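Under the working numbering, read the sequence shown as residues 9 to 190, first letter to last. For every residue, glycine included, the Cβ atom is placed at its ideal position computed from N, Cα and C. Bear in mind the structure is a predicted one, so any value in this text is a computation, not a measurement.
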Amino acid sequence: MVCGSCATGHRSSCYHASQTNHKASIVADKRAHHNALERKRRDHIKDSFHSLRDSVPALQGEKVGKAQPAGPPGTQMAHASRAQILDKATEYIQYMRRKNHTHQQDIDDLKRQNALLEQQVRALEKVKGSTQLQANYSSSDSSLYTNPKGSAVSAFDGGSDSSSESEAEEPPNRKKLRVEAS
């Protein structure tokens, strides 16, 4: 029997040629699909590097590109290589970790100071309940009281016995508590 689409005149030869064309078509489709997936993967990596570059303050505004030779002195390179982006991102992450650790230590110190101040407030309220402060009526300022030593104390000066009206006021420096490990 002669096949109309095949010049060989044999059905088995025509089938073989058809199978070969079909396999080649499948291979081409697989290759095209693979190429599309690979292109998509490369685009995703490129976008990820752009996002990472834009997240690192030292690299913001630079373009991603292949490493280029350094330009004239005093000029910056216009492109940051992927290796440079990874290096700067690593440095920035380490910097932020140190900064977060320092902030957490400050928060812990403030919590301890707050707890101590609350204890002092409770102690003062207890003392106030057991002994009543006498108002100093001889002063024209009704915010002055006498402390247990007998000297006038303003309710606003934190219990200081000294007068600092003539001194220039400076903001108090925050004192850090030293806590010994037990």
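Would you kindly report the start and end of the unbroken alpha helix (DSSP H) that includes residue i?
{"i": "residue 123", "result": "90–138"}
By alpha-carbon positions, which one of the options ends up nearest to residue i?
{"i": "residue 60", "options": "100, 41, 28, 47", "result": "100"}
Is any beta-carbon of chain C found at less than 8 Å from that of residue i?
{"i": "residue 97", "result": "In the structure shown, chain C cannot be found, because there is only a single protein chain."}
Who are residue i's beta bridge partners in DSSP?
{"i": "residue 30", "result": "DSSP, once it has assigned bridges, lists no residue as partnering residue 30."}
Let me know the secondary structure DSSP gives residue i once reduced to three states.
{"i": "residue 64", "result": "coil"}
Q) For the stretch 58–69 against the stretch 92–109, are there 3 or more C-beta pairs whose distance is under 8 Å? A) Counting Cβ pairs under 8 Å, three or more are found: they touch.
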